[in-house]
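Shown next, in structure tokens, is the structure this report addresses.
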DNA sequence: GATGGACGTGGTACTCAGTACCGTACTTGC
DNA sequence: GCAAGTACGGTACTGAGTACCACGTCCATC
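Protein chains in written order, with my numbering: chain A, 3 to 226; chain B, 3 to 226.
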């Protein structure tokens, strides 16, 4: 298989070389057994340079986390209050698509995270940031409801949980169409979140699905 | 106000003295500015002894986390499969009650956690453990449902979110009856989780509420 | 073509969390 | 008295993360 990355090894930036070196060494010797000095040495830079590019040894595993957060925040802020829940679903899709586009690198990171407790913690901390953004965007979904904050907390955590459920299945290697699964999961989330407040709401996420596909999901939503 | 803790200072165990010293120093100088050596010195023990009692500087903030996890696991395992969702709610109540019984100490910890990123991460990591226990106990709630795992993930994250919503309001000093609030929040969680699978389910949590209180909640549940 | 600033880099030295190991006191049971 | 267990203190070490300084390169300006 030809490399999807056409960049020759020699001209990789120090930033990229550090990531390559880190993943390689973590794979070969484990996370705890690899020192920052080892990573820097393999990347051909000094230890100082490592910390100039990545705040910590863990951070080199999650290189674009901040960019994802910014993209999500931008997507949420751009949405009108009435379409905030659609925006949240779209934001989750942004994250999912990012991981899908990473391919094997994402699965490599997943194997690492599941086997190193400190990395699990770090990942959870990242999820919390997503969830906070979602919750802040969602309070306006139940205007006048005294429980709006609770509902926003519930729905934001559900969105994150649903996204993670689909992502993890894909990361574990399940042969699924992750985006379709995300649609199904998010339908369930929105469905549950709407209970006890408004009538059944049908939300069709803008995507390249076939009309039959859309119709089927509408039928499911109305079935309750 | 008389001290709720009748134990004289002199006979506090080293374990307890370390906690007291840690919270005191964190309050006075901040978490990052306090070294483990400072804590040990104030507690009148050596640095080694600190690490013998608590695995890390963060761990001294969450002294009974493991015990809570065990209590929850025991509560969940003791429940028959058909009453697992009730058990999960009760497990959340165990955690809430623990914090309520801590009183000012819990609020002190909350102030600390909200102001120190590394402690926030640690707390999130703890929540994840609760959530995993809940999810494992809940899969059997939707027998035969191909989406049972997703539903369990959604509901377990909702239980944690609802618990945290109530707990945080109380921690911030809101004058609420936290257990009643938890009942209301959990009713909403169960209600949402039941959507699209079974008919409206009414779950009355075993508690010392008045019949009128129970009746009101039943009325709310049936209103949808 | 020299000057000077911005920037990326490497090196050194430091603090502090966490671990390993060893020696010592103080109990408890025989 | 003695032996085993337990709690503790001290020392020395590794490694992450920070602070600081010194050096080279690339440019823009005069």
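C-beta: ideal position from N, C-alpha, C; glycine also.
Within its chain, find whatever has a CB closer than 6 Å to the CB of residue 125 (chain A); leave out the 5 residues flanking it on each side and keep chain order.
In the first chain, the residue the question calls residue 125 (chain A) occupies position 123. The answer, listed in chain order, is 115.
Cut-off 6 Å between Cβ atoms - residues of its own chain near residue 45 (chain B), not counting five sequence neighbours on either side:
By one-based count along the second chain, residue 45 (chain B) stands at place 43. Hits under 6 Å: 19, 20, 23.
With 16 other CB atoms within 10 Å as the buried threshold, where does residue 96 (chain A) fall?
Indexing the first chain from 1 puts residue 96 (chain A) at position 94. Exposed is the call here.
Contact between the segment 131 to 138 of chain A and the segment 154 to 170 of chain A is defined here as three or more beta-carbon pairs at a separation below 8 Å; is this criterion met?
Because the criterion of three Cβ pairs below 8 Å is met, the segment 131 to 138 of chain A and the segment 154 to 170 of chain A touch.
With 16 as the cutoff for other CB atoms within 10 Å, does residue 66 (chain B) come out buried or exposed?
One-based indexing of the second chain puts residue 66 (chain B) at position 64. Its Cβ having fewer than 16 others within 10 Å, residue 66 (chain B) is exposed.
Output the residue ranges of the alpha helix (DSSP H) runs that lie fully inside the segment 84 to 160 of chain A and measure 4 residues or longer, sorted by chain position.
86 to 104, 106 to 117, 119 to 140, all fully within the segment 84 to 160 of chain A.
Test: residue 165 (chain A) CB closer than 7 Å to a CB of chain B:
Here residue 165 (chain A) refers to the residue found at position 163 of the first chain. Cβ-Cβ to chain B under 7 Å: no for residue 165 (chain A).
Quick check on DSSP: helix, strand or coil for residue 178 (chain A)?
Locating residue 178 (chain A) in the first chain gives position 176, counting from the first residue. DSSP places residue 178 (chain A) in the coil class of the three-state scheme, outside both helix and strand.
Residues in the segment 122 to 147 of chain B with C-beta within 8 Å of chain A's C-beta atoms, listed in sequence order?
Within the segment 122 to 147 of chain B, 122, 123, 124, 126, 127, 129, 130 place their CB atoms closer than 8 Å to a CB of chain A, listed in sequence order.
Any contact of the segment 186 to 195 of chain A with the segment 173 to 190 of chain B, i.e. 3+ C-beta pairs under 8 Å?
The answer is no - the segment 173 to 190 of chain B does not touch the segment 186 to 195 of chain A, with fewer than three Cβ pairs under 8 Å.
Beta carbon of residue 98 (chain B), beta carbon of residue 169 (chain B): below 7 Å?
If you number the second chain from 1, residue 98 (chain B) lands on position 96. If you number the second chain from 1, residue 169 (chain B) lands on position 167. Yes.
Using DSSP with H/G/I as helix, E/B as strand and the rest coil, what is residue 186 (chain B)?
Locating residue 186 (chain B) in the second chain gives position 184, where the first residue counts as 1. If DSSP states are grouped into helix, strand and coil, residue 186 (chain B) belongs with the helices.
Along the chain, where does the alpha helix (DSSP H) containing residue 256 (chain B) start, and where does it finish?
Outside the displayed range of chain B (3 to 226) lies residue 256 (chain B), so it cannot be described from this structure.
Please state whether DSSP places residue 170 (chain A) in a helix, a strand or coil.
In the first chain, counting from the first residue as 1, residue 170 (chain A) sits at position 168. Assigned with DSSP and collapsed to three states, residue 170 (chain A) falls in helix.
Alpha carbon to alpha carbon, how far is residue 81 (chain A) from residue 17 (chain B)?
For the purposes of this step, residue 81 (chain A) is identified with residue 79 of the first chain, where counting begins at 1. For the purposes of this step, residue 17 (chain B) is identified with residue 15 of the second chain, where counting begins at 1. Residue 81 (chain A) and residue 17 (chain B): Cα-Cα distance of roughly 52 Å.
Can you check whether the CB of residue 93 (chain B) is closer than 7 Å to the CB of residue 78 (chain B)?
Your numbering for residue 78 (chain B) matches position 76 in the second chain. Your numbering for residue 93 (chain B) matches position 91 in the second chain. Yes; because the gap between Cβ atoms is below 7 Å, this pair is in contact.
Taking only beta-carbon atoms, is residue 59 (chain B) less than 7 Å away from chain A?
Within the second chain, the letter at position 57 stands for residue 59 (chain B). Not an interface residue.
May I have the straight-line CA-CA distance separating residue 173 (chain A) from residue 101 (chain A), to the nearest angstrom?
Walking along the first chain from the start, residue 173 (chain A) turns up at place 171. Walking along the first chain from the start, residue 101 (chain A) turns up at place 99. Roughly 9 Å between the two C-alpha positions.
Taking only three categories from DSSP, how would you classify residue 193 (chain B)?
Here the question's residue 193 (chain B) lines up with position 191 in the second chain. Residue 193 (chain B): helix per DSSP, three-state reduction.
The alpha helix (DSSP H) with residue 40 (chain B) in it runs from where to where?
Indexing the second chain from 1 puts residue 40 (chain B) at position 38. Residue 40 (chain B): member of the alpha helix (DSSP H) spanning 38 to 45, first to last residue.
Quick one: using the 10 Å Cβ neighbour count with 16 as the cut-off for buried, is residue 55 (chain A) buried or exposed?
Mapped onto the first chain, residue 55 (chain A) falls at position 53. By the C-beta density criterion, residue 55 (chain A) is buried, having at least 16 other C-beta atoms within 10 angstroms.
Assigned secondary structure, residue 204 (chain B) (DSSP; H/G/I helix, E/B strand, else coil):
On the second chain, position 202 is the one that residue 204 (chain B) refers to. The pLDDT assigned to residue 204 (chain B) is 40, lower than 50, so where the model puts this residue is not dependable, and the model offers no usable value.
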